[in-house]
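Trainee: Provided herewith is a single structure, encoded as structure tokens, for subsequent inquiry.
There are 2 protein chains.
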Amino acid sequence: MGNQMVYFFGSGKAEGDKTMKDLLGGKGANLAEMTNIGIPVPAGFTITTEVCDLYYKNNKKYPDGLEKAVNDNIAKLESAMGMKFGDKNNPLLVSVRSGAASSMPGMMDTILNLGINEDVVEGFSAKTGNARFVWDAYRRFMQMFGDVAMDVPHDKFEHILEAAKEKVAKKKGIGPKDVKDTDLDVEDLKEVVAAYKKMYKEVKGKDFPSDAREQLWGAIEAVFRSWNNDRAIKYRQINDIRGLLGTAVNIQAMVFGNMGDSSATGVCFSRNPATGENKFYGEYLINAQGEDVVAGIRTPQEITLDGSKEWAANNSVSEDDRKKKFPSLEETMPVVFKELVGIKDRLEKHYKDMQDMEFTIQEGKLYFLQTRNGKRTAQASLRIAVEMVNEGVIDKETALLRIEPNALDQLLHPTFQKGAKKQVIAKGLNASPGAAVGKVVFSADEAEAMAKNGEKVVLVRIETSPEDIGGMNVAQGILTARGGATSHAAVVARQMGKPCVAGCSTIHIDYKAQTITAGNVTLKKGDFISLDGSTGEVMAGSSPTEEPKLTGNFSTLMGWADEATTMKVRANADTPTDAKRAREYGAVGIGLCRTEHMFFEGNRIDSVRKMILAEDEAGRRAALKELEPMQQGDFEQLFTAMDGYPVIIRLLDPPLHEFLPHTEKEQKELAAQMKVPFEKVHQKVESLHEFNPMLGFRGCRLGIIFSEITEMQVSAIVNAAIAVKKKGINVIPEIMFPLVGNVKELQFLIDKSKPIVDQKLKDAGVNLHIMLGTMIEVPRAAVTSDEIAKIAEFFSFGTNDLTQMTCGFSRDDSGSFLPAYVEKGFYDYDPFQVLDQGGVGKLMNFAIKNAREVRKDLEIGICGEHGGEPKTVEFCYSLGMNYVSCSPFRVPLARLASAQAAIKTKNKK
Amino acid sequence: MGNQMVYFFGSGKAEGDKTMKDLLGGKGANLAEMTNIGIPVPAGFTITTEVCDLYYKNNKKYPDGLEKAVNDNIAKLESAMGMKFGDKNNPLLVSVRSGAASSMPGMMDTILNLGINEDVVEGFSAKTGNARFVWDAYRRFMQMFGDVAMDVPHDKFEHILEAAKEKVAKKKGIGPKDVKDTDLDVEDLKEVVAAYKKMYKEVKGKDFPSDAREQLWGAIEAVFRSWNNDRAIKYRQINDIRGLLGTAVNIQAMVFGNMGDSSATGVCFSRNPATGENKFYGEYLINAQGEDVVAGIRTPQEITLDGSKEWAANNSVSEDDRKKKFPSLEETMPVVFKELVGIKDRLEKHYKDMQDMEFTIQEGKLYFLQTRNGKRTAQASLRIAVEMVNEGVIDKETALLRIEPNALDQLLHPTFQKGAKKQVIAKGLNASPGAAVGKVVFSADEAEAMAKNGEKVVLVRIETSPEDIGGMNVAQGILTARGGATSHAAVVARQMGKPCVAGCSTIHIDYKAQTITAGNVTLKKGDFISLDGSTGEVMAGSSPTEEPKLTGNFSTLMGWADEATTMKVRANADTPTDAKRAREYGAVGIGLCRTEHMFFEGNRIDSVRKMILAEDEAGRRAALKELEPMQQGDFEQLFTAMDGYPVIIRLLDPPLHEFLPHTEKEQKELAAQMKVPFEKVHQKVESLHEFNPMLGFRGCRLGIIFSEITEMQVSAIVNAAIAVKKKGINVIPEIMFPLVGNVKELQFLIDKSKPIVDQKLKDAGVNLHIMLGTMIEVPRAAVTSDEIAKIAEFFSFGTNDLTQMTCGFSRDDSGSFLPAYVEKGFYDYDPFQVLDQGGVGKLMNFAIKNAREVRKDLEIGICGEHGGEPKTVEFCYSLGMNYVSCSPFRVPLARLASAQAAIKTKNKK
């Protein structure tokens, strides 16, 4: 192998740079980059990921030449630092860290202080004049190296340390738990080191390595091995990290922040990661190591004076106390502070993003150990991106790419206050985001009754059905014991923008007793309950919530998003309220209006049931006649709300049995109300029962066999369009037939509908084109899309059902195996949440290509639940869709994902 | 238009011939052909189908030049016949008949005697000396022409005729119903004609056309119009007749078999259409018209002396009486008879097929009016084809193409005796052919008990489930009230070769009362019932049956079939008995052995239930250990029965709930037997309940989540293979994983199975390749077939499930709309019976092409129910499949269909 295996950085020059992440890992590339741009970084070198790859390919042997390269770089490092590796008087100590191209917490922990041994300890103590610090460093190294690199069980070290603490406790007359690490003095630490050595020899059968190079190669091998340990493999699987060669190994000279009061260590952010405010922010500790800042033994101090004062005010610390006990770095080391500010400015400008940095000050000298793009809240993410564009640091496209679409969800829904107490009693599926608090109620009717009295309720059901719509609409949130992410409750809740925790199987709901039990907690009807739809947590009692605050940055960014893409975003909305909300969130049309929900409202259900129970077509037509004006009214409102935008109305879809009651009691009531024998109602329900309703008598099959339903709905749509058009509304209706599998079904429906449309428009003297199109949700429709495109004016992919049929998964039943399938990696994600691009998506691609060959300008969209999922939105863009449609609350997210897809595609070219 | 519009035939020469069916229609082409080869045919001419096409394209106007062409041909016809059209003294009368390229009963009836009018009647009466005959011909013409060509309602003519008969009745003093047409004398007929004319003028507002040419053009137009009448359109839709130009019109000189005792008319077949025997067969009547032979007013006489004597013997007619009253044509007109025999020999030799002929003898002169390939029984079809090959008339490929594969079914199953009395009480779906007679029994257990006592039973169930296998196996036949052609009962019955009538929804089964009611007939348990699985008829009582007789011709033809094709036929068989039968019928392997049926036998179900109820994997493994030796034994028997042939074994497929009892009583029994609380059993059943079991936890999903099941089954298969191999059996096992939708599922299963296979073979020192492959039955598998083919060694299309998921039809529920879909022509056939080539088939084509690109030699077959359906078999051949697999009884049919597909493909090239 001719490739360079090791890359040096130090003395203001590095062999690598930030573009070499794949070869040097993220950490290595950034250390090299910082060195190159003159940031003070302790010198070191990086063994490449290619070496790791060769190590595995070569049956866990190092490639020829590696040893020489490492030795050469050690020599360079010694020369750069003016110290010698393994030298007892002027020892060079190093840290060894793993670092792949993607950040991977699953891999090896850091080993610090490598190169130390009993001889070095002596010389180093002499040099630093701080024997306790040096012996502690030795103890820490032995523990880290023994555990991490040599597989000596962690607790064997802990036992020895605890025994030493017990001894100190006896000496001091305090409890052993009150003894801190820092209470061990030099002698104590020497005893611990001796005990470590003894134990190590017992466990490993040989002495603890004292040779610095032996230690180094042990650490390097440990890093390589950690690449394929179970945790790392699992982490890569879960996070879908693929195509990496391996991990790099970073070997870097140690610097110490714990060498006295002119030493310190800290972490800082170039802007506030919580709010996004452009203000330097960070914490530090004098005479401390990095882990001390994290461990919480001492209270970290603010870096800036402003920050320090604010902290003091929040914690009721007087200015005097603050200055004495918790002064800022700006005050304690004003020179170093200035240097720090200068560097963080340079780094942010250089990386063009908010930086998360680690630094150490060793005896007044500042070193940077790490810089990376900082993690941030959704709110901060938005603010930083927009402000950086305004500052001219980045362009709009970069800003758009910076924001994780899913993060927008946080911005649109109320959340529980951070840090507030909560009693989590169960965890279900996070089916619809947001925080809900209300009184437990077990039926939709009760929910409506209590809501009428001004009470806030949470609807708790084993599962929901379309009958529950009214109750869901007034509830603060919905909790179900059964059903997945695309169950009725979840789908409707998302559309309503209501928090929902679904499929919470650990709770037991007793309708009779009107209680809900989780573990040993039982809540009665009327007790308060809190749901976190973003996490799936169910809490007893009333947890305090916060309303979302949308800033001007939000609409600025959304505006940029719309400019960046050609794929539009519509919303799935059935009511004028939903439609209005969808417009507010920037939807430019309705992609799916489900008409069946209108059939449940008020006493309409009576007419629907009359229709279902009718003996013949005449009876059905009479019942439909009652429904038609109500449907027309609904459509008029919807069209008015969407003035100027297209509205796709899907004709009746669910199987008829969903409209009939299923308990004997309800059936008897219905029979009495309809004045028919109970037997008749019961028989009708029985006859409508299906073994696999998913594949049964529904969708356009209903509208074909009972074509009078189609006629009524088409008639209501056209009449509504004419009525609002006459009022000056710009109405753009599209009529959509569901569940078409065969072009002849669609032809039949068009033959039924077109004459009604044409005649009514002609009679009214209104000039309007009403498109007739179809859902593509049956695999056969996708397979024969070229035939269907000949007569369909638009396609809308119903990816929920298309996934069910293409994969053969019933979404209601797949809980028995689908989670295991995702865990085993058969599917990267639950295919009901993230579109299965390799299967369902392949079929969609086939369908679109063939359809567009027949009808080049075919309007194509998606209205399944996937339409609001960022990965799927990006995929839809790649398929050339005209729009995606999703629930109103996900519209912003989809607009951003659409923009990102467009930008990424452009950047690829 | 430069094309010839009219083709003449007559005087031994015709302008057309038999190859011109598309242009002249079937009838016209054959009349021309007969004329050309010197058969005496009344002269005439044919207006082409192109003229019909132009007539419609040209807004129902005749093309220029047609009138002249018709007139020219009339002149030719007059000259050939020596008579004149419309001439009162020597009139030429003609018949007008429609005739498309395909026989189409939906089109126009024949018009006879055209050219007659009041003047002609006089001259013609004088010429024939038979005024009654002539007036009757006039009356008939008016009625036919008025009704068929002029749209005068049929009953208006009938009323007049009935009034005339009433008058005759009064005159004769008999009841009006006893008056026959022939009782009307010349004067009566003259009055009828007069009344017809009066009525015609009232209805149509003008006189009945007396001009011969006016009549002719009216008739021509009527034929053209009949091409697009509702009946004809419907007929073409139903019979899938497409691509025809239109109908031809045949105009032919009339000949009369009713001109006295030297005249006669008859129909005859060149061989016996019932048995296929090579013996001339036919009937005739002296002094009669064609319709008299059909009408049954007089008893038709046999044409041959042999036939006549046989008829007399069967009808107890003495030789004297026979000679006097029913002599054969051989006796009455020996010269004409000889001529007839000569002509039928020539026609059969010429057309190389058994001929169905119509002839008329007018005053001693023989005319042929029609010849066509004769319809025949399945038995005759087979005999004629094989004998014609032996006689050197046709080659083997022609013989193979002559036989309708479905007809073979008739030959393999018992039938009810023809003409035997039967009391049909209901009609269901003809789900599995054959005749069954036995005592009604309502449960599988009872069926087994009664069968043990030697009683023949018919199992009557609302629907069947795998638990009923034992009872089905001992029953003569199966009757269900619910379920379609691919319901459990139907599928299993076909595989067992047992008659089954399924989905007979008009019967009411009362398990409690142990009765079955259809209309007002009620049968109790133990009463006899008869099922005709070929027609779907259900009969009360015991109807006499006939066993099928297979002749040497059958195996001769099957041998030819196997030589003609490369696509093999395997059988779906689960037991050694089925396997043996499959071999007898010529299967060269098992394409599908369903292992779940083995799980029900004897007390194995106990172990299965123990496995399902087990708390953990250890419990499941313990139960599986009990099952393994039994499974191994089954496989050993199957492998032994199929020595030398491949056997595909499918691992466990159905959802687990099918193995548990569903009534509370049974569950309590099971709980007691298993010594577990009833609640546990009940909860297990509840937890296994699914909303859409079709898309649920079954197939390889079970074998993945409970991989110990896979391990047990694979282990049993390999152990069995080793055991029989050691006994000298040539065993070729293939292991098939069901319901794979994702290559990663298959990879998981192969990773589980391959080490077991390899280790066991290695340990046993046996050299054997066991192929591992998969069903393709989930659309996603078809879509990603290229990925799957990389690791699968064979594919078997499970077209039942593939159809369900691709079309989105639950086969158990589709009764609510699928029949209407087929009726409306959305699907040409029920897609569960005949593969939906345009949708499911397109997906299969896509899957096969992509898979073979990855693995050229991939073994591909079909094991769904469609594998035994001739159209599908032909389609599978076109897809390049290696084999089809079907139930044993359909193997011969599939072999023939495979041969036909190969021959047709070859002929196309």
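So the sequence lines, in the order shown, correspond to chains A and W. Per our numbering, residue 35 is the first one in the first sequence, and the count goes up by one each step. Per our numbering, residue 35 is the first one in the second sequence, and the count goes up by one each step. The C-beta atom is built at its ideal place from N, Cα and C for all residues, glycine as well.
Leaving out five residues before and five after W:VAL351 in sequence, what residues of the same chain have Cβ atoms less than 7 Å from its Cβ?
Mentor: As a working note, residue 351 of chain W is residue 317 in the second sequence. Taken in chain order, the residues that qualify are PHE360.
Trainee: Cα-Cα, which of W:THR833, W:SER850, W:PRO688 and W:GLU225 is closest to A:SER721?
Mentor: Taking the first sequence and counting its residues from 1, one reaches residue 721 of chain A at position 687. Comparing Cα positions, the closest option is W:SER850.
Trainee: Output, in sequence order along the chain, the residues in the region 773-796 of chain A whose CB is closer than 8 Å to any CB in chain W.
Mentor: Correct list: LEU773, GLY775, ASN776, LYS778, GLU779 and PHE782.
Trainee: Between which residues of its own chain and A:PRO904 is the CB-CB distance below 7 Å, once the five residues before and five after are set aside?
Mentor: The sequence position of residue 904 of chain A within the first sequence is 870, counting from 1. Same-chain partners within the cutoff: PRO439, ASN440, LEU927 and ALA931.
Trainee: Return the CA-CA distance between A:PRO334 and A:ALA298, expressed in angstroms with no decimal places.
Mentor: As a first step, residue 334 of chain A must be located in the first sequence, where it is residue number 300. As a first step, residue 298 of chain A must be located in the first sequence, where it is residue number 264. Going from the Cα of A:PRO334 to the Cα of A:ALA298 covers about 11 Å.
Trainee: Does the beta-carbon of A:ARG270 have 16 or more other beta-carbons within 10 angstroms, so that it is buried, or is it exposed?
Mentor: Walking along the first sequence from the start, residue 270 of chain A turns up at place 236. Buried.
Trainee: Here's a check: name, in chain order, each residue in its chain whose Cβ is nearer than 7 Å to the Cβ of W:SER787, leaving out the five neighbours to either side.
Mentor: Sequence index remark: in the second sequence, residue 787 of chain W carries index 753 (1-based). Excluding positions up to five away in sequence, the list reads THR744, VAL748, ILE769 and LEU806.
Trainee: Which of the three DSSP states, helix, strand or coil, is assigned to W:ASN321?
Mentor: The residue labelled residue 321 of chain W in the question sits at position 287 within the second sequence. Here W:ASN321 sits in coil by DSSP.
Trainee: Considering only DSSP beta bridges, list what A:VAL681 is partnered with.
Mentor: In the first sequence, counting from the first residue as 1, residue 681 of chain A sits at position 647. Answer is A:ILE624 and A:PRO767.
Trainee: What's the gap between the Cα of W:ASN107 and the Cα of W:GLU248?
Mentor: Taking the second sequence and counting its residues from 1, one reaches residue 107 of chain W at position 73. Taking the second sequence and counting its residues from 1, one reaches residue 248 of chain W at position 214. Between W:ASN107 and W:GLU248, the C-alpha separation is close to 16 Å.
Trainee: Going by beta-carbon coordinates alone, are W:THR579 and W:PHE450 separated by less than 7 Å?
Mentor: Indexing the second sequence from 1 puts residue 579 of chain W at position 545. Indexing the second sequence from 1 puts residue 450 of chain W at position 416. Yes, Cβ-Cβ distance for W:THR579 and W:PHE450 is below 7 Å.
Trainee: Do you know whose CA, among A:GLN665, A:ASN753 and A:ILE275, lies nearest A:ASP797's CA?
Mentor: Within the first sequence, numbered from 1, the residue matching residue 797 of chain A stands at position 763. Of the candidates A:GLN665, A:ASN753 and A:ILE275, the one whose C-alpha sits nearest the C-alpha of A:ASP797 is A:ASN753.
Trainee: Could you check which residue in W:GLY575, W:ALA347 and W:GLU392 has the C-alpha nearest to that of W:ALA454?
Mentor: Here the question's residue 454 of chain W lines up with position 420 in the second sequence. W:ALA454 has its Cα closest to that of W:GLY575, out of W:GLY575, W:ALA347 and W:GLU392.
Trainee: Return the bridge partner residues of A:ILE145 from the DSSP annotation.
Mentor: Stepping through the first sequence from its first residue, residue 145 of chain A is reached at position 111. According to DSSP, which records beta bridges pairwise, A:ILE145 is partnered with A:VAL130.
Trainee: Excluding the 5 residues flanking W:VAL800 on each side, which residues of the same chain have their C-beta closer than 6 Å to its C-beta?
Mentor: What you label residue 800 of chain W is simply residue 766 of the second sequence in a count that begins at 1. Closer than 6 Å at Cβ, skipping near neighbours: ILE756 and LYS759.
Trainee: Using the Cα positions of W:ALA77 and W:THR394, report the straight-line distance between them to the nearest angstrom.
Mentor: Here residue 77 of chain W refers to the residue found at position 43 of the second sequence. Here residue 394 of chain W refers to the residue found at position 360 of the second sequence. Between W:ALA77 and W:THR394, the C-alpha separation is close to 14 Å.
Trainee: Tell me which same chain residues have a C-beta within less than 6 Å of the C-beta of A:ILE275, skipping the five on either side of it?
Mentor: Counted from its first residue, the first sequence places residue 275 of chain A at position 241. Cβ neighbours of A:ILE275 beyond the five flanking positions: SER136.
Trainee: Does DSSP put A:GLY511 in a helix, a strand or coil?
Mentor: The residue given as residue 511 of chain A occupies position 477 in the first sequence. Three-state DSSP puts A:GLY511 in a strand.
Trainee: Run through chain A and tell me which residues come within less than 7 Å of W:GLN838, C-beta to C-beta.
Mentor: Taking the first residue of the second sequence as 1, we reach residue 838 of chain W at position 804. Here the neighbours are LEU729.
Trainee: Please decide whether W:GLU630 counts as near chain A, where near means a Cβ-Cβ distance under 7 Å.
Mentor: Residue 630 of chain W sits at position 596 when you count from the first residue of the second sequence. By this cut-off, W:GLU630 is not an interface position.
Trainee: Less than 8 Å between the CB atoms is what I'm expecting for A:ASN879 and W:TYR861, so what's the real figure, rounded?
Mentor: Translated into positions along the first sequence, residue 879 of chain A becomes position 845. Translated into positions along the second sequence, residue 861 of chain W becomes position 827. Contact doesn't hold; Cβ gap of about 26 Å is too wide.
Trainee: Considering only residues of the same chain and omitting the five flanking positions on each side of A:MET35, which have a CB-CB separation below 6 Å?
Mentor: Counting from 1 along the first sequence, the entry for residue 35 of chain A is found at position 1. With a pLDDT of 44 at A:MET35, under the threshold of 50, the modelled position of this residue cannot be trusted; read the value that follows with caution. Spatial neighbours of A:MET35 in its own chain (CB-CB distance under 6 Å, excluding positions within 5 residues in sequence) are listed in chain order as PRO97.
Trainee: Give me the chain A residues within the contact set of W:SER576, using Cβ-Cβ distance strictly less than 9 Å, ordered along the chain.
Mentor: Here the question's residue 576 of chain W lines up with position 542 in the second sequence. None at all; the shortest Cβ gap to chain A is about 34 Å.
Trainee: So, W:PHE476 versus W:GLN404, is the Cβ gap smaller than 7 Å?
Mentor: By 1-based counting over the second sequence, the position of residue 476 of chain W is 442. By 1-based counting over the second sequence, the position of residue 404 of chain W is 370. W:PHE476 places its beta carbon 7 Å or farther from that of W:GLN404.
Trainee: Using a Cβ cut-off of 7 Å, pull out every chain A residue sitting near W:ASP153, in sequence order please.
Mentor: As a first step, residue 153 of chain W is located in the second sequence; it is residue number 119 there, counting from the start. In chain order: nothing, as chain A lies at least about 53 Å away.
Trainee: Name, going along the chain, the residues of the region 869-892 of chain W whose beta-carbon falls closer than 9 Å to a beta-carbon of chain A.
Mentor: ASP870, GLY872, GLY873, VAL874, LYS876, LEU877 and PHE880
Trainee: When you compare only the Cα positions, how much space is there between A:MET746 and A:GLY667?
Mentor: Against the first sequence, residue 746 of chain A aligns to sequence position 712. Against the first sequence, residue 667 of chain A aligns to sequence position 633. Spanning the alpha carbons of A:MET746 and A:GLY667 requires a straight line of approximately 13 Å.
Trainee: In this structure, does DSSP put A:PRO125 in helix, strand or coil?
Mentor: On the first sequence, residue 125 of chain A is found 91 positions in, with the first residue counted as 1. Of the three classes helix, strand and coil, the one that applies to A:PRO125 here is strand, per DSSP.
Trainee: Give me the Cβ distance between W:LEU463 and W:ALA527, rounded to the nearest whole Å; I'm assuming they're in contact under 8 Å.
Mentor: As a position in the second sequence, residue 463 of chain W is number 429, starting the count at 1. As a position in the second sequence, residue 527 of chain W is number 493, starting the count at 1. Not a contact, Cβ separation roughly 11 Å.
Trainee: To the nearest angstrom, report how far apart A:THR808 and A:ILE682 are at their CA atoms.
Mentor: For the purposes of this step, residue 808 of chain A is identified with residue 774 of the first sequence, where counting begins at 1. For the purposes of this step, residue 682 of chain A is identified with residue 648 of the first sequence, where counting begins at 1. When rounded, the distance between both Cα atoms is 10 Å.
Trainee: Kindly confirm or deny that the region 214-221 of chain A and the region 103-118 of chain A touch, where touching means at least three C-beta pairs closer than 8 Å.
Mentor: no
Trainee: Just the chain A side, please: which residues come within less than 7 Å of W:SER912 by C-beta, in chain order?
Mentor: The count along the second sequence starts at 1 and reaches residue 912 of chain W at position 878. Under the 7 Å cutoff, chain A gives no residues; its nearest Cβ is about 17 Å from W:SER912.
Trainee: Quick check on A:ARG732 - is its C-beta less than 7 Å from some C-beta in chain W?
Mentor: As a position in the first sequence, residue 732 of chain A is number 698, starting the count at 1. No, no contact with chain W.
Trainee: Mind the definition here: the region 830-840 of chain A touches the region 890-905 of chain A only if three or more C-beta pairs lie below 8 Å; say whether that holds.
Mentor: yes
Trainee: Could you tell me whether any Cβ in chain W is nearer than 7 Å to the Cβ of A:ASN726?
Mentor: As a first step, residue 726 of chain A is located in the first sequence; it is residue number 692 there, counting from the start. Answer yes: the Cβ-Cβ gap between A:ASN726 and chain W drops below 7 Å somewhere.
Trainee: With a CB to CB cut of under 6 Å and the five nearest residues on each side skipped, what residues in its chain are close to A:MET664?
Mentor: As a position in the first sequence, residue 664 of chain A is number 630, starting the count at 1. ARG638, listed in sequence order.
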